[in-house]
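Input: a single structure, listed below in structure tokens.
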Ligand code: XMP
């Protein structure tokens, strides 16, 4: 197996995941892990991830120098490369920045770049560069502004790439990771997400013992897969609560009842708290404030219901959560080094509760969760449902959330999704939704002037929500959707289609 040391890079988990895609086991540890901790796991190789800091800053994340002396190969990526250089008496300095696509001129392939051509497209994101290294380090490749873009010190088993082999824009990135994990480290291909269900069920059984688990469920892919896992492991000792915050999609409640009916969940409780949520959101326009209010209110409502249930079933000791990896990285949890993009309320839920948290999916990406769900017997119509954020429609109504606006965005969203399904586009898209821009423009309907709101349609393709591209929906489908929204949704007279990528935009609007 390969250990990935997390120095706070946004793509740290992607490295781990790519290694797993090669069929090799991989695990992430914080940069502060001791060499003994790493040794105990008996890795065949170690990867130092990227990170937002500079190695020469005072509080830059560092690992123990002995990490380079464990006798296993080490690959540094971006910040990781600079760290290896610094720990090996090299010099790192701020240089000309390189962001996005670059061309790597391969000088010699060595073991690391084996199979690559003379010129390779790579994706870089750095402001610092290594400017000198001891001569035992062979330069394998350079970019226009970075001499040490790839190096190898075969005697000390140290390797580095200044660019990101884990992102898909680095055309032969997977080959580099494969060269490292398989050829250089000698790792075997024994990781398979399909076998994960048995292990996860066994782990849940062991941890929960004879106790019971409480779960917040939303009917989304993650919480459904997590609750079915728990149900398989502990049966009727699973208690699920669905909180209706008044910001759910059209027909959502019926859909959720249908999903859980299928799995014969005995203890499923619904709480309608929409008045409380909407009351507290009155007059609030700041995105983070909205997330904060929804998160706190959610905890309060969930906690009150949980206490009621606990009075009847005192064996409840655990809080089950369907948290997946991107929920954590984008909320800046692992390693505490990544910068905060958005607060995800589902991550803060457990802080106030006295229950012990179990998150069986916390290391997985959405597509891995889907493979797992399939092996648990969950039907595709549930597994391939588009993701829906915890704060619901509130973060798709820019500005103040009012009942009128919820009505507009909910109806427009329903039409959008219905038409995507009819045109067989739904399955090709990672996530699609309507958002309301509370800006009014002039239009003409019948013979009268209108002065109404704008609906934006957002549809993206993605593998894991970390990066996303806008979906190419055929014109005639967009036309049908636009016509239907303008004629069926009162208060809307214009429809826009969003063609921004993530990054620099995000998928949701707030
Ligand atoms: P962004 O907008 O950050 O979204 O590009 C990435 C993915 O995360 C979903 N998302 C959330 N999911 N709670 C969730 O459960 C949240 O607070 C939340 N915010 C964003 C988003 O829908 C997309 O799939």
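Numbering (this note's numbering), first residue to last: 876 to 1385.
Think of the CB as a built atom: it goes at the ideal place given N, C-alpha and C, for glycine as much as any other residue.
Treat the numbers as computed from the prediction; the structure is a model and nothing was measured.
A distance below 6 Å between beta-carbons, with the five flanking residues on each side excluded, links residue 1325 to the following residues of its chain, in chain order: 1318 and 1368. Counting C-beta atoms within 10 angstroms of its own C-beta, residue 1105 has 16 or more neighbours from the protein chains shown and is therefore classed as buried. Residue 975: member of the beta strand (DSSP E) spanning 966–981, first to last residue. Per DSSP, reduced to three states, the secondary structure at residue 1142 is strand.
In chain order, 1287, 1290, 1330, 1367 and 1370 place their CB closer than 7 Å to the CB of residue 1360, counting only its own chain and leaving out the 5 sequence neighbours on each side. The closest heavy atom of the ligand XMP lies less than 8 Å from the beta carbon of residue 1383. Going by DSSP, residue 1308 is part of no alpha helix (DSSP H) but of the beta strand (DSSP E) stretching over 1306–1320. Between residue 1065 and residue 1250, the gap from beta carbon to beta carbon reaches 9 Å or more. For residue 1094, the shortest C-beta to heavy atom distance toward the ligand XMP is 8 Å or greater.
Under the criterion of beta carbons closer than 8 Å, residue 945 and residue 914 qualify as touching, at roughly 6 Å. When only Cα atoms are considered, residue 1242 and residue 1100 end up about 12 Å apart.
Residue 1021 is bridged by DSSP to 1018.
Short of 8 Å from the beta carbon of residue 1235, and not among the five residues preceding or following it, lie these beta carbons of its own chain, in chain order: 1075, 1078, 1079, 1101, 1104, 1105 and 1195.
Distances between the C-beta of residue 1201 and the heavy atoms of the ligand XMP include at least one below 8 Å.
Listed in chain order, the non-local C-beta contacts of residue 991 below 7 Å within the same chain comprise 981, 984, 1047 and 1050, local neighbours out to five positions each way being set aside. Taking a cut-off of 8 Å for Cβ pairs, the segment 1084–1095 and the segment 1187–1194 touch, as three or more such pairs fall below it. DSSP places residue 895 in the helix class (H, G or I) of the three-state scheme. Annotation for residue 1111: no beta strand (DSSP E) segment contains it, and DSSP assigns it neither H nor E.
At least one heavy atom of the ligand XMP falls within 8 Å of the beta-carbon of residue 1263. With contact defined as three or more Cβ pairs closer than 8 Å, the segment 955–965 and the segment 1027–1039 are in contact.
Of all C-beta pairs linking the segment 1136–1149 to the segment 1298–1311, fewer than three are shorter than 8 Å, placing the two stretches out of contact.
Of the candidates 1233, 1246 and 1016, 1246 places its Cα closest to the Cα of residue 1070.
Boundaries for residue 1353: no beta strand (DSSP E) harbours it, while the alpha helix (DSSP H) harbouring it runs 1350–1363, taken from the DSSP string.
The beta carbon of residue 1011 sits closer than 8 Å to those of 1028, 1030 and 1031, all from its chain and outside the five residues before and after it, given in chain order. Relative to the ligand XMP, residue 1218 has its C-beta within less than 8 Å of a heavy atom. Here the C-alpha atom of residue 903 lies approximately 32 Å from the C-alpha atom of residue 1164. The segment 1107–1122 and the segment 1267–1277 touch, with no fewer than 3 CB-CB distances between them shorter than 8 Å. Residue 1334 is a Cβ neighbour of residue 1373, given a cutoff of 9 Å. If the five residues before and after residue 959 are omitted, its C-beta is found closer than 6 Å to the C-beta atoms of 951, 1033 and 1035, all from its own chain and listed in chain order. When DSSP reads this structure, residue 1344 sits in a beta bridge with 1336. When rounded, the separation of the alpha-carbon atoms in residue 1154 and residue 1274 is 15 Å. Annotated as distal: residue 898 and residue 1059, with beta-carbon spacing of 9 Å or more.
Taking all protein chains shown into account, residue 1314 has fewer than 16 neighbouring C-beta atoms within 10 Å of its C-beta and is therefore exposed.
Taking 8 Å as the upper bound for CB-CB distance, residue 1052 and residue 1026 are not in contact here, some 16 Å apart. Distance between residue 886 and residue 1187, taken at the CA atoms: about 44 Å.
Shown here, residue 1098 sits in a helix according to DSSP, grouped into three states.
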